[in-house]
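S.K.: Chains as they are written, first to last, in my numbering: chain A, 1 to 250; chain B, 1001 to 1250. The C-beta atom is built at its ideal place from N, Cα and C for all residues, glycine as well. Just dropping this structure here.
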């Protein structure tokens, strides 16, 4: 069964009567949860414990393309943001992923996840398993954050509103079904459980405060829908590259 | 007397015989010091104690446009850099200028310099004194770092090689000649005395390591020449806006 997925054109209609209150805008944004990639068939099967080790490895190796792009995406937002106070909080996302002298960072944690799954570090870092559809989707996201107004780019990050639910479910699923993966390898998911809510709270604050006109509110919802498309498109490409009966690597 | 200034086209010639050694490349880069804005007549007069309070204020208010753009410039470089290890060091520049919860940051220090000179914080932040030539030069610099290969953008930062000399001279000149400015207001210059060498060392490492072909080496020298043009052009615009006999604000 393939989950159907409304494209952003169909899913971002306005009420046609003018701007809504900040809280109603948050509601509109939250409605995009139905289009989050947690609903994708590949994720549904992942969390039901139905994926093979090869499929898990294929997902981890491809998803690394996205992980590795996150600091560039956040730096692009920082580079377009003229407000020091916003930058001072946003920059934390970059160190969370790149790490510092004293902290590991999300990219390193993802590499450890890959190693726990049986992937070599080198085969993740050189991108040999990354399929074109994943690469194109990730680059589309980075380009969006470089070229669109920074508040829209902030709005596109709001898939983090939906992430903790998926993270918690995934963590439980991995610990239960994929016992061949060392539990220490799952730190990335654990870290995101508290990082994502902190990050989405800041992003939501910005969007609520600055998206006051119909056009701004529509643009924020469209940005989030676009981001859902990015994540969904990645899952489509991964799903196609690692079907149920195909060994990995090909 | 107006100091003459060779443009980047005239000043970046190669030896025409192939790539040079990393150390010889550093020499080529250091030769650009003759075109650094410390040689501009306005700076020469500043350091000789010849500027009026109005001229000093005009310079401080206009130079704030540049200070404020630095984190966006560095975030643009970060956003174009695919290498985590480089990003982990480069990000320090952003917190140095934006500050953190526990540190003031260079932008704040510059605002304090302005206040020590008799400027209101608001008139610096709203940019009312910034002349078009300064704004255009600063935006050209940010655009350069957004759109050029990140190693070239790193090379353009190498005016920091020449900065400590100017900073030390300026600090001494301010303490000696402009005694109407509170010494606490000069912290920005003091901080840059140790930040600039640390930053330029990292940038030089990157450029030495990665600019190995003639084309790469020429591009690095051209990037630095471009940056000298940016700084020089700002001084030209400021010099014209605040001539010796004109009161400030206009």
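Should residue 1021 of chain B and residue 1137 of chain B be called a contact, given that it needs their Cβ atoms to be closer than 9 Å?
M.R.: Residue numbering aside, residue 1021 of chain B sits at position 21 when the second chain is read from its first letter. Residue numbering aside, residue 1137 of chain B sits at position 137 when the second chain is read from its first letter. In this structure, residue 1137 of chain B does not lie closer than 9 Å to residue 1021 of chain B by Cβ.
S.K.: Any residues in the segment 1086 to 1108 of chain B with a beta carbon nearer than 7 Å to a beta carbon of chain A? Which ones, in chain order?
M.R.: Against chain A - using a Cβ distance shorter than 7 Å - the residues of the segment 1086 to 1108 of chain B are 1087, 1088, 1091, 1094, 1095, 1098, 1099, 1100, 1107.
S.K.: Should residue 1157 of chain B and residue 1102 of chain B be called a contact, given that it needs their Cβ atoms to be closer than 9 Å?
M.R.: Numbered from its first residue, the second chain carries residue 1157 of chain B at position 157. Numbered from its first residue, the second chain carries residue 1102 of chain B at position 102. No, Cβ-Cβ distance for residue 1157 of chain B and residue 1102 of chain B is not below 9 Å.
S.K.: Determine, using beta carbons only, whether residue 1142 of chain B and residue 1110 of chain B come nearer to each other than 9 Å.
M.R.: Along the second chain, one-based indexing puts residue 1142 of chain B at 142. Along the second chain, one-based indexing puts residue 1110 of chain B at 110. No, the pair does not count as a contact, with Cβ atoms beyond the cut-off.
S.K.: So residue 74 of chain A packs on residue 94 of chain A, CB below 8 Å; how close in whole Å?
M.R.: Locating residue 74 of chain A in the first chain gives position 74, where the first residue counts as 1. Locating residue 94 of chain A in the first chain gives position 94, where the first residue counts as 1. With 8 Å as the limit, residue 74 of chain A and residue 94 of chain A qualify as a contact, their Cβ atoms being about 5 Å apart.
S.K.: What residues in the segment 63 to 74 of chain A have a beta carbon less than 7 Å from any beta carbon of chain B?
M.R.: So the close ones are 71, 72.
S.K.: Are the CB atoms of residue 1134 of chain B and residue 1063 of chain B nearer to each other than 9 Å?
M.R.: Locating residue 1134 of chain B in the second chain gives position 134, counting from the first residue. Locating residue 1063 of chain B in the second chain gives position 63, counting from the first residue. In this structure, residue 1063 of chain B lies closer than 9 Å to residue 1134 of chain B by Cβ.
S.K.: Would you say residue 149 of chain A lies against chain B (beta-carbon separation less than 9 Å)?
M.R.: For the purposes of this step, residue 149 of chain A is taken as residue 149 along the first chain, with counting starting at 1. So, not an interface residue.
S.K.: Under 9 Å, do residue 1096 of chain B and residue 1191 of chain B count as touching if we go by C-beta distance?
M.R.: Taking the second chain and counting its residues from 1, the one referred to as residue 1096 of chain B is at position 96. Taking the second chain and counting its residues from 1, the one referred to as residue 1191 of chain B is at position 191. Yes. Within cutoff.
S.K.: Using CA atoms only, rank isn't needed, just tell me which of A:188, A:196, A:161, A:83 is closest to residue 105 of chain A.
M.R.: Counted from its first residue, the first chain places residue 105 of chain A at position 105. Cα-wise, what sits closest to residue 105 of chain A is A:188.
S.K.: Can you have a look at residue 1165 of chain B and say buried or exposed, based on whether 16 or more other CB atoms are within 10 angstroms of its CB?
M.R.: Here residue 1165 of chain B is taken as the residue at index 165 of the second chain, counted from 1. Exposed, by the Cβ-count rule.
S.K.: Give the straight-line distance between the Cα atoms of residue 241 of chain A and residue 131 of chain A, rounded to the nearest whole angstrom.
M.R.: As a working note, residue 241 of chain A is residue 241 in the first chain. As a working note, residue 131 of chain A is residue 131 in the first chain. Distance between the alpha carbons of residue 241 of chain A and residue 131 of chain A is about 7 Å.
S.K.: If you check the beta carbons only, do residue 28 of chain A and residue 221 of chain A fall under 9 Å apart?
M.R.: Numbered from 1 along the first chain, position 28 holds the residue referred to as residue 28 of chain A. Numbered from 1 along the first chain, position 221 holds the residue referred to as residue 221 of chain A. Result yes, Cβ atoms of residue 28 of chain A and residue 221 of chain A sit closer than 9 Å.
S.K.: Note down, in chain order, all residues in the segment 1135 to 1148 of chain B with a beta-carbon under 9 Å from any beta-carbon belonging to chain A.
M.R.: Answer set for the segment 1135 to 1148 of chain B: 1142, 1145, 1146.
S.K.: Between B:1082, B:1121, B:1180, which has its C-alpha nearest residue 1150 of chain B's C-alpha?
M.R.: For the purposes of this step, residue 1150 of chain B is identified with residue 150 of the second chain, where counting begins at 1. If we check each option's Cα against that of residue 1150 of chain B, B:1082 comes out closest.
S.K.: When you check each C-beta in the segment 186 to 212 of chain A against every C-beta of chain B, which residues fall closer than 7 Å?
M.R.: Per Cβ criterion, the list is empty.
S.K.: Does the beta carbon of residue 1002 of chain B sit closer than 9 Å to a beta carbon anywhere in chain A?
M.R.: The residue labelled residue 1002 of chain B in the question sits at position 2 within the second chain. Because the pLDDT of residue 1002 of chain B is 44, which lies under 50, any placement of that residue in the model is unreliable, and the question is left without a value.
S.K.: Measure the alpha-carbon distance for residue 194 of chain A versus residue 1112 of chain B and round it to whole angstroms.
M.R.: For the purposes of this step, residue 194 of chain A is taken as residue 194 along the first chain, with counting starting at 1. For the purposes of this step, residue 1112 of chain B is taken as residue 112 along the second chain, with counting starting at 1. Rounded to the nearest angstrom, the two C-alpha atoms are 37 Å apart.
S.K.: Taking 8 Å as the threshold, find out whether the segment 25 to 42 of chain A comes into contact with the segment 1039 to 1057 of chain B through three or more Cβ pairs.
M.R.: These segments do not touch.
S.K.: So, with DSSP's three-state summary, where would you put residue 8 of chain A?
M.R.: Numbered from 1 along the first chain, position 8 holds the residue referred to as residue 8 of chain A. Caution is warranted here: a pLDDT of 49 is assigned to residue 8 of chain A, below 50, making its placement in the model unreliable, and the coordinate value is therefore given only provisionally. Helix, per DSSP.
S.K.: Checking contacts by CB at 9 Å: is residue 81 of chain A closer than that to chain B?
M.R.: Numbered from its first residue, the first chain carries residue 81 of chain A at position 81. Residue 81 of chain A counts as touching chain B.
S.K.: Taking a cut of 7 Å between CB atoms, which residues from the segment 108 to 125 of chain A lie near chain B?
M.R.: For the segment 108 to 125 of chain A, which is checked against every Cβ of chain B, not one residue is closer than 7 Å.
S.K.: Suppose only complete runs of 4+ residues qualify. What are the alpha helix (DSSP H) ranges in the segment 1062 to 1098 of chain B, listed by chain order?
M.R.: Counting whole runs of 4 or more residues, the segment 1062 to 1098 of chain B contains the alpha helix (DSSP H) stretches 1084 to 1098.
S.K.: Of all the CB atoms in chain B, is at least one closer than 9 Å to the CB of residue 78 of chain A?
M.R.: Position 78 of the first chain, counted from the first residue, corresponds to residue 78 of chain A. Yes, contact with chain B.
S.K.: Under the three-state reduction of DSSP, which class applies to residue 1173 of chain B: helix, strand or coil?
M.R.: On the second chain, residue 1173 of chain B is found 173 positions in, with the first residue counted as 1. DSSP places residue 1173 of chain B in helix when its eight states are reduced to three.
S.K.: Could you check whether the Cβ of residue 1284 of chain B sits closer than 9 Å to any Cβ belonging to chain A?
M.R.: No information on residue 1284 of chain B is available, as it lies outside the stretch 1001 to 1250 that chain B covers here.
S.K.: Mapping DSSP to helix, strand and coil, what is residue 234 of chain A?
M.R.: Taking the first residue of the first chain as position 1, residue 234 of chain A is located at position 234. Residue 234 of chain A: helix per DSSP, three-state reduction.
S.K.: Between residue 80 of chain A and residue 173 of chain A, is the Cβ-Cβ spacing less than 9 Å?
M.R.: If you number the first chain from 1, residue 80 of chain A lands on position 80. If you number the first chain from 1, residue 173 of chain A lands on position 173. Result no, Cβ atoms of residue 80 of chain A and residue 173 of chain A do not sit closer than 9 Å.
S.K.: Hey, out of A:237, A:155, A:204, whose CA is closest to residue 227 of chain A's CA?
M.R.: Here residue 227 of chain A refers to the residue found at position 227 when the first chain is read from its first residue. Nearest of A:237, A:155, A:204 to residue 227 of chain A, Cα basis: A:155.
S.K.: From the DSSP output, in three-state form, read off residue 1029 of chain B for me.
M.R.: Taking the first residue of the second chain as position 1, residue 1029 of chain B is located at position 29. The answer is helix: DSSP assigns residue 1029 of chain B an H, G or I state.
S.K.: Should residue 1053 of chain B be labelled buried (16 or more other beta-carbon atoms within 10 Å of its own) or exposed?
M.R.: Stepping through the second chain from its first residue, residue 1053 of chain B is reached at position 53. Residue 1053 of chain B should be labelled exposed.
S.K.: Please return the same chain residues whose Cβ sits closer than 7 Å to the Cβ of residue 87 of chain A, not counting the five positions on each side in sequence.
M.R.: Sequence index remark: in the first chain, residue 87 of chain A carries index 87 (1-based). Same-chain partners within the cutoff: 78, 81.
S.K.: Work out the CA separation of residue 1145 of chain B and residue 1076 of chain B for me, nearest whole Å.
M.R.: Taking the first residue of the second chain as 1, we reach residue 1076 of chain B at position 76. Taking the first residue of the second chain as 1, we reach residue 1145 of chain B at position 145. Distance between the alpha carbons of residue 1076 of chain B and residue 1145 of chain B: 6 Å.
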